[in-house]
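Trainee: Protein chains in written order, with the numbering used here: chain A, 1 to 179; chain B, 1001 to 1179.
Positions of the beta carbon are idealized from the N, C-alpha and C atoms, including for glycine.
If you scroll down you'll find the structure; I have some questions about it.
Okay, structure coming up:
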């Protein structure tokens, strides 16, 4: 039987991008926001939108993506899913050309069991065909034709209409019941 | 009405990779093969397979992809198709991490009307969903679920079972009859 395909987003799903952005924001703006400040709030209910350009410049600098921390339990759970499903990593990375090689190298370091053949770096994810998509952005989930799983993030607290997963352990439990 | 999507491969479809590889082969091995030598022949009926590792090393060097020539009429025809269809550029580039940024820059230079949102750099193209795929490799065409168009190349002379297009002008004529 053909294995079903799971497409997995990188930033804020596999790699702790939001955490690093929040650290940069706090450092540059002189605040002390923590993740719990965002519970049930809009992203810009907490952060000042006019400060965001400062953070955005940092994202374009070399090594931002290469040095991101891996999300808790992501390696262990994705490795387990890799046995039963076909795993594709799908990252909207083309917006940041410097990040392209960094993202491939990051995956090689932390997820060496994933082949380069199963990496997709794109812009608009509506071109992706798979059975499941795990992502933290509505724009990606809303155009997806398979089962769309929302990964909880500080910027999507008010998003409704998708099954929300707060941790990789919850993702693991979901797929224990999928064929 | 939603525009139909055309996914277009880069190497040997938009960018003259094969021509450059043949030039490198001739220079390094001391031969003088031209494209017409390959008509109706297998790639390795002409070139010696044991020499290919020498060429392959060159492909991994910086600037190989950045400096490729544009295929004749590709800009003009793709620009015209861009008005009636949604164009996605889909390149199996992740095998060559150095090439990723170069490919995005090459597209920005020669096809500035194509947004970064419509660029896909991947490994296995079976994850791509579109209405048409223009490609020169059977492995990409055979798994594609839409209409698969074979772009003629020196390495696919013996491939059968697909509608073959020798030039971008032939592609243009084909899409003049598609809705």
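1) Tell me residue 132 of chain A's beta-bridge partners as DSSP assigns them.
2) Taking only the alpha-carbon atoms, compute the straight-line gap between residue 14 of chain A and residue 1045 of chain B and give it to the nearest angstrom.
3) In chain A, which residues lie with their C-beta within 7 Å of the C-beta of residue 1116 of chain B?
4) Please report whether the beta-carbon of residue 148 of chain A lies at a distance below 9 Å from any beta-carbon of chain B.
5) For residue 142 of chain A, report the span of its alpha helix (DSSP H) as first-last.
6) Step through the CB atoms of chain B and report whether any lies within less than 9 Å of the CB of residue 63 of chain A.
7) Whose CA, out of B/1084, B/1089, B/1080 and B/1096, lies closest to the CA of residue 1058 of chain B?
8) Nearest by alpha-carbon distance to residue 1090 of chain B: which of B/1079, B/1081 and B/1103 is it?
9) For the alpha helix (DSSP H) holding residue 1027 of chain B, just list the boundary residues, first then last.
10) I need the straight-line Cα distance from residue 140 of chain A to residue 1050 of chain B, nearest angstrom please.
11) Assuming residue 1088 of chain B and residue 1148 of chain B form a contact by the criterion Cβ under 8 Å, report the distance between their Cβ atoms to the nearest whole angstrom.
12) Could you spell out the range, first to last residue, of the beta strand (DSSP E) harbouring residue 47 of chain A?
13) Along the chain, where does the alpha helix (DSSP H) that runs through residue 107 of chain A open and close?
14) So what does DSSP say about residue 91 of chain A, is it helix, strand or coil?
15) Between which two residues does the beta strand (DSSP E) carrying residue 1120 of chain B extend?
16) Does residue 1127 of chain B get closer than 9 Å to chain A when you measure Cβ to Cβ?
17) Using only the alpha-carbon positions, how far apart do residue 33 of chain A and residue 1151 of chain B sit?
18) Short of 7 Å in beta carbon distance, which residues of its chain neighbour residue 40 of chain A, apart from the five on each side in sequence? Order them along the chain.
19) Rounded to whole angstroms, what is the Cα-Cα separation between residue 61 of chain A and residue 1031 of chain B?
20) Quick check on this structure: which residue in B/1128, B/1116 and B/1047 has the alpha carbon closest to the alpha carbon of residue 119 of chain A?
21) Residues of chain A with CB closer than 9 Å to the CB of residue 1003 of chain B, please, in chain order.
22) Out of A/122, A/177, A/166 and A/170, which one is the CA nearest neighbour of residue 7 of chain A?
23) When you check each C-beta in the segment 16–45 of chain A against every C-beta of chain B, which residues fall closer than 8 Å?
24) Under 9 Å, Cβ to Cβ, is there at least one residue of chain B near residue 57 of chain A?
25) Please return the same chain residues whose Cβ sits closer than 8 Å to the Cβ of residue 172 of chain A, not counting the five positions on each side in sequence.
26) Is the distance from the Cβ of residue 55 of chain A to the Cβ of residue 36 of chain A below 9 Å?
27) Name the DSSP bridge partner or partners of residue 1165 of chain B?
28) Can you give me, in chain order, the residues of the segment 137–165 of chain A that have a beta carbon less than 9 Å from any beta carbon in chain B?
29) Among A/116, A/66, A/164 and A/107, which one has its Cα closest to the Cα of residue 135 of chain A?
30) Examine chain A for any beta-carbon lying closer than 9 Å to the beta-carbon of residue 1111 of chain B, and answer yes or no.
31) So which residues on chain B does residue 100 of chain A lean against when the C-beta distance must stay under 8 Å?
32) With DSSP as the reference, label residue 1070 of chain B as helix, strand or coil.
33) Here's a check: name, in chain order, each residue in its chain whose Cβ is nearer than 7 Å to the Cβ of residue 1175 of chain B, leaving out the five neighbours to either side.
34) Given that residue 88 of chain A touches chain B, what residues does it touch there, using C-beta distances under 7 Å?
35) Tell me which residues share the same chain as residue 1003 of chain B and place their Cβ nearer than 6 Å to its Cβ, disregarding the 5 neighbours each side in the sequence.
36) Between residue 1007 of chain B and chain A, is the shortest Cβ-Cβ distance under 9 Å, so that the two count as touching?
Mentor: This is what the structure holds:
1) A/6 and A/147
2) 46 Å
3) 94, 95 and 123
4) no
5) 138–142
6) no
7) B/1096
8) B/1103
9) 1017–1029
10) 45 Å
11) With 8 Å as the limit, residue 1088 of chain B and residue 1148 of chain B do not qualify as a contact, their Cβ atoms being about 15 Å apart.
12) Premise fails: residue 47 of chain A is in no beta strand (DSSP E) and is neither H nor E.
13) 99–110
14) strand
15) 1119–1121
16) yes
17) 54 Å
18) 157
19) 45 Å
20) B/1128
21) Those do not exist, as residue 1003 of chain B stays about 12 Å from chain A at its closest Cβ, beyond 9 Å.
22) A/122
23) none
24) no
25) 73, 77, 80 and 81
26) no
27) B/1151
28) 145
29) A/164
30) no
31) 1097, 1100, 1101, 1104 and 1121
32) strand
33) 1081
34) 1127
35) 1085 and 1086
36) yes
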